[in-house]
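Take a look at the structure below.
4 protein chains.
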Amino acid sequence: MTDTIFLTGVVATSPRHVTTSEGLAITSFRLASSQRRYDRALAKWVDGDTNWFTVSTFRALATNAAGSVAKGDRVVVSGRLRVRDWESTDRSGTNVEIEADALGHDLSWGTSVYTRHVSVPA
Amino acid sequence: MTDTIFLTGVVATSPRHVTTSEGLAITSFRLASSQRRYDRALAKWVDGDTNWFTVSTFRALATNAAGSVAKGDRVVVSGRLRVRDWESTDRSGTNVEIEADALGHDLSWGTSVYTRHVSVPA
Amino acid sequence: MTDTIFLTGVVATSPRHVTTSEGLAITSFRLASSQRRYDRALAKWVDGDTNWFTVSTFRALATNAAGSVAKGDRVVVSGRLRVRDWESTDRSGTNVEIEADALGHDLSWGTSVYTRHVSVPA
Amino acid sequence: MTDTIFLTGVVATSPRHVTTSEGLAITSFRLASSQRRYDRALAKWVDGDTNWFTVSTFRALATNAAGSVAKGDRVVVSGRLRVRDWESTDRSGTNVEIEADALGHDLSWGTSVYTRHVSVPA
Chain D
1 MTDTIFLTGV VATSPRHVTT SEGLAITSFR LASSQRRYDR ALAKWVDGDT
51 NWFTVSTFRA LATNAAGSVA KGDRVVVSGR LRVRDWESTD RSGTNVEIEA
101 DALGHDLSWG TSVYTRHVSV PA
Chain A
123 MTDTIFLTGV VATSPRHVTT SEGLAITSFR LASSQRRYDR ALAKWVDGDT
173 NWFTVSTFRA LATNAAGSVA KGDRVVVSGR LRVRDWESTD RSGTNVEIEA
223 DALGHDLSWG TSVYTRHVSV PA
Chain P
245 MTDTIFLTGV VATSPRHVTT SEGLAITSFR LASSQRRYDR ALAKWVDGDT
295 NWFTVSTFRA LATNAAGSVA KGDRVVVSGR LRVRDWESTD RSGTNVEIEA
345 DALGHDLSWG TSVYTRHVSV PA
Chain B
367 MTDTIFLTGV VATSPRHVTT SEGLAITSFR LASSQRRYDR ALAKWVDGDT
417 NWFTVSTFRA LATNAAGSVA KGDRVVVSGR LRVRDWESTD RSGTNVEIEA
467 DALGHDLSWG TSVYTRHVSV PA
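Chains as they are written, first to last, in our numbering: chain D, 1 to 122; chain A, 123 to 244; chain P, 245 to 366; chain B, 367 to 488.
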């Protein structure tokens, strides 16, 4: 339950799909999430600041995401947050990752045609 | 933030789409959500009990849901929970509703072809 | 992750603490959760409808809750939602339960003096 | 609803309480959140990696937090996530903040004595 996050946003990079030597499918992409807030002066909802995340999916979700999600799509995501510092020879930084438990196209912004597969997700 | 819920499940009834006399689009359906739990004796994930909800969507999300979601689809939903008692002349009961903020097909169980619409959701 | 809920509310009954014959500590109480919403006409936050839940806690959390939580307290809760129908000889109904993963006093409404115990929660 | 996060963790710094020239009370502290995961080989729950956050509270919650929360306390937090890059003359980095909606002591790890204040939180 800890560090569980739910969010909606725009897929900002083409999803990258790899299979490890152990056979684990992984699909990942960058996600831009703009927070909507109600502006009392304007009396309407406006975009707030944008958060950037790296979203990673695994196994059946990774395979299906690779065949479904494209740059520019609006998606809904839930998962566990991971905040990680990194360092290379000349630079360092912080990466904010989401290991996705669930992912889907956001129907507030479009329609989707869905094909359900029969197998149980691993 | 209060009473916010996130869940995944199976659409159990054909979505019902109506437009009120004020022009508000509403789409609603029943959702069956089976909790997955790790069975230590079996050393694998198994289905637990099932929760039943009425999911309601409004405005652009309602219109897009009506054109996208079918009985049997696996979906991801977030929204606010509403627990309501009801009474008729000879019966009474409790309905557990979710007013959805976000909804999408669950890519753990299938693939989807998405068409993003240009307008901003109301 | 499925059916995860987070909410705040008022403890509406005195917590009931029992220990099963297997030695499992359980503390449970009713929780009233009023949804706050922004009323654009009044230009302020107002109370909306109230949801009622049975909150159950187990093990170390149950023992500490029994010694800390009283009727009337404001609390924050997260856990898994369970919607269950029940039937007796002459009546039937639906109970909405939360199996709490985490529980604490809501510091938006008061102050608390905390004593941390050394043991790891079971 | 977007970028909503719920988590539990340990308060890692003494809370810092300030009041702005406009009279806004702010209390903030660093939070270390260790993810617990079930290790199938060991057949028990173990600590995973640790996420670090800056938690900020405002208004009544800030005032009560300043009078209640100390370094080393276990807390439950919900709020909105903000990922922000920063830059000074010679360094740069990323800060991961949580603007807390709700905060309380985690009763899985200790007991608390609560005093409810009568006023409605701003």
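In this text, a Cβ means the ideal position worked out from N, Cα and C, and glycines have one as well.
These numbers were taken from a predicted model, which means no experiment stands behind them.
Test: residue i CB closer than 8 Å to a CB of chain A
i, result
"L347 of chain P", "no"
"G316 of chain P", "no"
"G23 of chain D", "no"
"S277 of chain P", "yes"
"W353 of chain P", "no"
"D106 of chain D", "yes"
Pair within 8 Å by beta-carbon distance, residue i and residue j
i, j, result
"A344 of chain P", "T301 of chain P", "yes"
"N64 of chain D", "L229 of chain A", "yes"
"N461 of chain B", "T420 of chain B", "yes"
"R116 of chain D", "R196 of chain A", "yes"
"S156 of chain A", "L129 of chain A", "no"
"I270 of chain P", "A306 of chain P", "yes"
"W86 of chain D", "G79 of chain D", "no"
"L203 of chain A", "I249 of chain P", "yes"
"V10 of chain D", "G110 of chain D", "no"
"S234 of chain A", "V113 of chain D", "yes"
"R152 of chain A", "W174 of chain A", "yes"
Contact with chain B by residue i, beta-carbon distance below 8 Å
i, result
"G292 of chain P", "no"
"T257 of chain P", "no"
"R16 of chain D", "no"
"G311 of chain P", "yes"
"W45 of chain D", "no"
"T263 of chain P", "no"
"R360 of chain P", "yes"
"T333 of chain P", "no"
Chain P within 8 Å of residue i, Cβ atoms only
i, result
"T216 of chain A", "yes"
"V177 of chain A", "no"
"D451 of chain B", "no"
"A222 of chain A", "no"
Chain F within 8 Å of residue i, Cβ atoms only
i, result
"A182 of chain A", "Here chain F cannot be found, since the structure's protein chains are D, A, P and B."
Other residues of its chain near residue i: CB distance less than 6 Å, five sequence neighbours each side excluded
i, result
"M245 of chain P", "Only weak support exists for where M245 of chain P lies, its pLDDT of 45 falling under 50; the coordinates are left without a value."
"R260 of chain P", "S272"
"V384 of chain B", "I392"
"D3 of chain D", "R80, L81"
"E22 of chain D", "none"
"L42 of chain D", "none"
CB contact below 8 Å: residue i versus chain D
i, result
"I371 of chain B", "yes"
"N186 of chain A", "yes"
"R396 of chain B", "no"
"R446 of chain B", "yes"
"M123 of chain A", "Bear in mind that a pLDDT of 45 at M123 of chain A, under 50, signals an unreliable position, so the number given afterwards is only what the model happens to contain. Not closer than 8 Å to any Cβ of chain D, the Cβ of M123 of chain A fails to qualify, so no."
"N417 of chain B", "yes"
"V376 of chain B", "no"
Beta-carbon contacts of residue i that lie in its chain and below 8 Å, excluding the five residues immediately before and after
i, result
"T264 of chain P", "I270"
"S68 of chain D", "H105"
Contacts around residue i, its chain only, beta-carbon distance under 7 Å, and the 5 residues preceding and following it disregarded
i, result
"A66 of chain D", "P15, H17, T27"
(message) Quick check for students: name the residue ranges of the alpha helix (DSSP H) that lie wholly in the region 278-337 of chain P, counting only runs of 4 or more.
(response) 303-310
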